[in-house]
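Asks: Every letter in the sequence shown is one number past the one before it in full-length UniProt numbering, and letter 411, counting from 1, is 411.
From the three backbone atoms N, C-alpha and C, an ideal C-beta is built for every residue, glycine too.
I have a structure I would like to understand better, so I am pasting it below and will then ask my questions one at a time.
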Amino acid sequence: MFKKVLVANRGEIALHIIRTLKEMGIPSVSVYSKADKSSLHVQLADEAVCIGGNRPQESYLNMQNVLSAAIGTGCDAIHPGYGFLSENSQFAEMCEACGVTFIGPSSQVIAQMGDKSQAKTSMKAAAVPLIPGSDGPLKSLADAKIVAAKVGYPVMIKAVAGGGGKGIRFVDDESQLADSYAQAQLEAAGAFGNDQLYLEKIMLDVKHIEVQIFRDHFGNAVYFPERDCSMQRFKQKVIEETPSALLTPDERAELGAIALKAAEQINYENTGTVEFLMDQDHQFYFLEMNTRIQVEHPVTEMVTGVDLVREQILVAAGAPLSFDQAAVETRGFALECRLNAEDPDNNFAPSAGTVNYLYLPTGNLGVRIDTHLFSGYAISPFYDAMIGKLITWGATREIAIAKMHRVLNELIVSGIKTNAQFQQTLLEDPVFLSSQATTDYLTSLATD
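Put into structure tokens, the structure is as follows:
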């Protein structure tokens, strides 16, 4: 087992990891920016190291500073959480070179799945169904025209090394293709140092369905019940739930088998999530694989009883999975609402400031709140707007939703604006209640 683990993150996920390490009897080290010096993850860890200035590039994304903090405090492992360096293959490779365990898959696998073209090639070899599009990077604009005509418009041009919405262009017809191709190529070169592009058909009226898997060093592997993350606003997840109310047991087993096949193809280790688009005929298409713990992992923990972060640490330390597929039982339904510091009445503008008073309505069976907030906490403008996750469980989906209504109604976060009332409205939406929301539903409401 590890002697000491550095937590290379902030906010609620850092707290989750630190608390898990405490429960396992493993000393923890926090890293923090100057803006986060009073944060809870700094106070709860056994040790804390300041790694730079307020901006993420100066601190949480500063690979040398993070790794130096780990080595300087005698850590033999780093847990990256999600975001920041969690899917940075260069950082994982640096850890490997320094003899520090990166709690996640290998740097090679992270790079393979981070390159969207390589990922598609690997999934094709595993017979995982793909979104119609180019077979590898586009060679030229002429190549793009041929592929687009074959799959049919509308299409999406995407950077092979893409991320963060950069290097992406939506193309409605051939008249837009040349300009979009040139713009995406320039943007990709500037953002990633790689101007290679690929093309995919835009899938309309689809749901976002994802499957979390776990695989150890010995090849033991399991999949968890799927999560429906279709409630998205401009590609940002807002509400996540598990299991999907629309899938049959046979479809669930089929999708799980596909996800495990994908993991086996790339010799994946630790936990990851295979994301799919599901069309109206319940046909599934590979979207991408996230090589880290997900923001929405608590809903999976709620319905299965599996402590995913604990299992991550155990498997990274060389232990076999502590359970098999037969032990992964789905009980009831779970829901997660992301609590953001933003003003829905002002086009969801970020809301920085001090939390004057905080009341978290925990208690009652099936209620969990993951947050780093406390009364007097100053919300910084330098980081993501998410300040917490509200998670509820119920024997039925209706009960889980009713619990979430109650939690949102009782929640008090004064001093800043939040999206709590917006979430309340979504829970009453008939399209959401009928499980019919597609990935563009919320965005279409916002632009109507």
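Counting C-beta neighbours from all protein chains within 10 Å, is the total for threonine 20 16 or more, i.e. buried, or is it exposed?
Replies: On the sequence shown, residue 20 is found 20 positions in, with the first residue counted as 1. Buried, since its Cβ has 16 or more Cβ neighbours within 10 Å.
Asks: Aspartate 216 and valine 315: beta carbons closer than 8 Å?
Replies: Your numbering for residue 216 matches position 216 in the sequence shown. Your numbering for residue 315 matches position 315 in the sequence shown. Yes; because the gap between Cβ atoms is below 8 Å, this pair is in contact.
Asks: Suppose the cutoff is 6 Å on Cβ atoms and the five residues either side in sequence are ignored; what does the same chain contact list for alanine 35 look like?
Replies: The residue given as residue 35 occupies position 35 in the sequence shown. Once the five neighbours on either side are set aside, the close Cβ partners of alanine 35 are Asn54, Ser380, Phe382.
Asks: Which class does residue 468 belong to by DSSP, given the choice of helix, strand or coil?
Replies: Examination of residue 468 is not possible in this model, given that the chain is present from 1 through 448 alone.
Asks: How long is the line joining the alpha carbons of alanine 253 and arginine 227, rounded to whole angstroms?
Replies: Residue 253 sits at position 253 when you count from the first residue of the sequence shown. Residue 227 sits at position 227 when you count from the first residue of the sequence shown. Each residue's Cα considered, the two are about 13 Å apart.
Asks: In the DSSP assignment, find the beta strand (DSSP E) that holds arginine 227 and state where it starts and stops.
Replies: The residue labelled residue 227 in the question sits at position 227 within the sequence shown. For arginine 227, the enclosing beta strand (DSSP E) stretches over residues 227-233.
Asks: Just to confirm, is the Cβ distance from alanine 92 to phenylalanine 102 under 8 Å?
Replies: Position 92 of the sequence shown, counted from the start, is the residue given in the question as residue 92. Position 102 of the sequence shown, counted from the start, is the residue given in the question as residue 102. Taking 8 Å as the Cβ cut-off, alanine 92 and phenylalanine 102 qualify as a contacting pair.
Asks: At which residues does the alpha helix (DSSP H) containing lysine 3 begin and terminate?
Replies: Numbered from 1 along the sequence shown, position 3 holds the residue referred to as residue 3. Counting along the chain, lysine 3 falls outside any alpha helix (DSSP H), and DSSP gives it neither H nor E.
Asks: Just to confirm the assignment, what range does the beta strand (DSSP E) spanning valine 238 have?
Replies: What you label residue 238 is simply residue 238 of the sequence shown in a count that begins at 1. Where valine 238 is concerned, the enclosing beta strand (DSSP E) stretches over 236-242.
Asks: Classify glutamate 269 as helix, strand or coil using the three-state DSSP reduction.
Replies: The count along the sequence shown starts at 1 and reaches residue 269 at position 269. Coil at glutamate 269, not helix or strand.
Asks: Give the C-beta separation of glutamate 241 and valine 328 to the nearest angstrom, bearing in mind that I take them to be a contact with Cβ-Cβ under 8 Å.
Replies: Residue numbering aside, residue 241 sits at position 241 when the sequence shown is read from its first letter. Residue numbering aside, residue 328 sits at position 328 when the sequence shown is read from its first letter. About 18 Å; that fails the 8 Å criterion.
Asks: Would you grab the beta carbon distance between alanine 191 and glutamate 174 for me? Rounded to a whole angstrom, and I think it's under 8 Å.
Replies: Against the sequence shown, residue 191 aligns to sequence position 191. Against the sequence shown, residue 174 aligns to sequence position 174. Not a contact, Cβ separation roughly 26 Å.
Asks: When you compare only the Cα positions, how much space is there between methionine 302 and alanine 395?
Replies: In the sequence shown, residue 302 corresponds to position 302, counting from 1. In the sequence shown, residue 395 corresponds to position 395, counting from 1. Straight-line spacing of the CA atoms in methionine 302 and alanine 395 works out to 11 Å.
Asks: Please determine, among His41, Leu130, Gly52, the residue with the shortest C-alpha to C-alpha distance to phenylalanine 284.
Replies: Here residue 284 corresponds to residue number 284 of the sequence shown, with the count starting at 1. Checked all of His41, Leu130, Gly52; the closest Cα to phenylalanine 284 is Leu130.
Asks: Determine the DSSP secondary structure at alanine 257, reduced to helix, strand or coil.
Replies: The sequence position of residue 257 within the sequence shown is 257, counting from 1. It is helical.
Asks: Taking DSSP as the reference, what is the three-state secondary structure of cysteine 95?
Replies: Position 95 of the sequence shown, counted from the first residue, corresponds to residue 95. Of the three classes helix, strand and coil, the one that applies to cysteine 95 here is helix, per DSSP.
Asks: Can you grab the Cα-Cα spacing for the pair asparagine 220 / phenylalanine 214, in whole Å?
Replies: Working through the sequence shown from its first residue, we reach residue 220 at position 220. Working through the sequence shown from its first residue, we reach residue 214 at position 214. The alpha-carbon atoms of asparagine 220 and phenylalanine 214 are separated by roughly 8 Å.
Asks: How about residue 486 and methionine 278: do their beta carbons lie closer than 8 Å?
Replies: With the chain covering only 1 through 448, there is no way to say anything about residue 486.
Asks: Give every residue of the same chain whose Cβ lies closer than 6 Å to the Cβ of arginine 397, excluding the five residues on either side of it in the sequence, and list them in chain order.
Replies: Indexing the sequence shown from 1 puts residue 397 at position 397. Ala245, Phe333, listed in sequence order.
Asks: Mind checking which residues open and close the beta strand (DSSP E) that includes arginine 169?
Replies: Locating residue 169 in the sequence shown gives position 169, where the first residue counts as 1. Its beta strand (DSSP E) spans residues 166-171.
Asks: Please check the pair alanine 184 and alanine 159, which I expect to be a contact at CB under 8 Å, by giving their CB distance rounded to whole angstroms.
Replies: The residue you call residue 184 lines up with position 184 of the sequence shown. The residue you call residue 159 lines up with position 159 of the sequence shown. That pair is a contact at about 7 Å.
Asks: So methionine 289 packs on glutamate 269, CB below 8 Å; how close in whole Å?
Replies: Taking the first residue of the sequence shown as 1, we reach residue 289 at position 289. Taking the first residue of the sequence shown as 1, we reach residue 269 at position 269. That pair is no contact at about 13 Å.
Asks: Considering Cα atoms alone, identify which of Ser89, Tyr198, Pro56 is closest to threonine 291.
Replies: The residue labelled residue 291 in the question sits at position 291 within the sequence shown. Of the listed residues, the one whose Cα sits closest to threonine 291 is Ser89.
Asks: For valine 295 and asparagine 346, what's the separation of their Cα atoms in angstroms?
Replies: Translated into positions along the sequence shown, residue 295 becomes position 295. Translated into positions along the sequence shown, residue 346 becomes position 346. Near 25 Å, if we compare the C-alpha coordinates of asparagine 346 and valine 295.
Asks: Does the contact criterion of 3 or more C-beta pairs under 8 Å hold for the region 73-90 versus the region 257-272?
Replies: no
Asks: Just how far apart, CA to CA, sit residue 457 and glycine 193?
Replies: Because residue 457 is not part of the residues shown, which for the chain are 1 to 448, the question remains open.
Asks: For asparagine 409, name the three-state secondary structure that DSSP assigns.
Replies: Here the question's residue 409 lines up with position 409 in the sequence shown. Here asparagine 409 carries a helix assignment [DSSP, helix/strand/coil].
Asks: What runs of the beta strand (DSSP E), each 3 residues or longer, lie entirely inside the region 383-409?
Replies: 386-394
Asks: Considering valine 109, what are the terminal residues of the alpha helix (DSSP H) in which it resides?
Replies: The residue given as residue 109 occupies position 109 in the sequence shown. Looking at the DSSP string, the run of the alpha helix (DSSP H) that includes valine 109 is 107-114.
Asks: Determine, using beta carbons only, whether alanine 403 and valine 367 come nearer to each other than 8 Å.
Replies: Position 403 of the sequence shown holds residue 403. Position 367 of the sequence shown holds residue 367. As written in the sequence, residue 403 is lysine, which differs from the alanine given in the question. In this structure, valine 367 lies closer than 8 Å to lysine 403 by Cβ.
Asks: Quick one, are the C-beta atoms of glutamate 342 and leucine 390 less than 8 Å apart?
Replies: Residue 342 sits at position 342 when you count from the first residue of the sequence shown. Residue 390 sits at position 390 when you count from the first residue of the sequence shown. Result no, Cβ atoms of glutamate 342 and leucine 390 do not sit closer than 8 Å.
Asks: Contact between the region 37-48 and the region 412-423: three or more CB pairs below 8 Å?
Replies: The count of Cβ pairs closer than 8 Å, one atom from the region 37-48 and one from the region 412-423, stays below three, leaving the stretches out of contact.
Asks: If I follow the unbroken beta strand (DSSP E) through histidine 79, where does it start and stop?
Replies: On the sequence shown, position 79 is the one that residue 79 refers to. Looking at the DSSP string, the run of the beta strand (DSSP E) that includes histidine 79 is 77-79.
Asks: Which first and last residues belong to the beta strand (DSSP E) in which isoleucine 369 is found?
Replies: As a working mapping, residue 369 is identified with position 369 in the sequence shown. First-last of the beta strand (DSSP E) with isoleucine 369: 367-371.
Asks: Roughly how far, in whole angstroms, is the beta-carbon of leucine 61 from the beta-carbon of histidine 372, given that I think they are within contact range, below 8 Å?
Replies: Counting from 1 along the sequence shown, the entry for residue 61 is found at position 61. Counting from 1 along the sequence shown, the entry for residue 372 is found at position 372. Between histidine 372 and leucine 61 the Cβ distance is about 19 Å, and since that is not below 8 Å, they are no contact.
Asks: Nearest by alpha-carbon distance to valine 211: which of Leu204, Pro225, Glu311, Asp205 is it?
Replies: For the purposes of this step, residue 211 is taken as the residue at position 211 of the sequence shown. Closest option to valine 211, Cα to Cα, is Pro225.
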